[in-house]
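J.: If you're matching positions, the sequence shown starts at 1 in our numbering and goes up one per residue.
Provided herewith is a single structure, encoded as structure tokens, for subsequent inquiry.
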Amino acid sequence: MSNGPHAKLAELGLALPEVVPPVASYVPAVQSGQHVYVSGQLPVAEGKLLATGQVGAGVSPEQAKDLAERCALNALAAVDSLVGLENIVKIVKLTGFVASAPGFHGQPTVINGASDLLGAVFGEAGRHARSAVGVAELPLDAPVEIELIVEVA
């Protein structure tokens, strides 16, 4: 499938990573009916958190946007391992959490890193509902976390 999601990722110079193992008592993704719910994904690569701290104090918004993209890539890996990316019909909802320094209000721009990746990979099917929430802290002192709901065939 030359125009499928794996090919689109390759065109972007990206490949799906291994599924990030849970850091507590949950599973990376679960299917219920025609939806897959992906647990919160942190910006982890090769078993390591790529950055720590708050956006706007130690983590730049530009870096955080890249980290959000990594979170989305990790979420797609979780979906792929459960049902296969080729079975995604629609990205339904993305919820993004940004560990924000006081006075930082750019959460939507940070979470665009994840949204833009999903749009690039899935086109119109990648357009989704979304929340971008600023929080004081995230697990492991991560700057960004995302979760996804996807519809599958």
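We treat Cβ as the ideally placed atom computed from N, Cα and C, and that holds for glycine.
#1: Starting from the N-terminal side, write out each stretch of the alpha helix (DSSP H) that is 4 residues or longer and does not extend beyond the region 43-90.
#2: Please name the residue in 55, 51, 81 whose C-alpha comes closest to that of residue 70.
#3: Suppose you measure from the CA of residue 152 to the CA of residue 60; what does that come to, to the nearest Å?
#4: Could you check the C-alpha separation between residue 44 and residue 98 for me, to the nearest Å?
#5: With C-beta atoms as the reference, is residue 106 less than 8 Å away from residue 133?
#6: Rounded to the nearest angstrom, what separates residue 5 and residue 85 at their Cα positions?
#7: Could you give the DSSP three-state label for residue 25: helix, strand or coil?
#8: Determine the burial state of residue 25: buried for a count of at least 16 other Cβ atoms within 10 Å of its Cβ, exposed for fewer.
#9: Quick one: what's got a C-beta closer than 7 Å to residue 65's C-beta in the same chain, skipping five residues either side?
T.: In brief:
#1: 61-82
#2: 51
#3: 35 Å
#4: 15 Å
#5: no
#6: 6 Å
#7: coil
#8: exposed
#9: 109, 110, 112, 113
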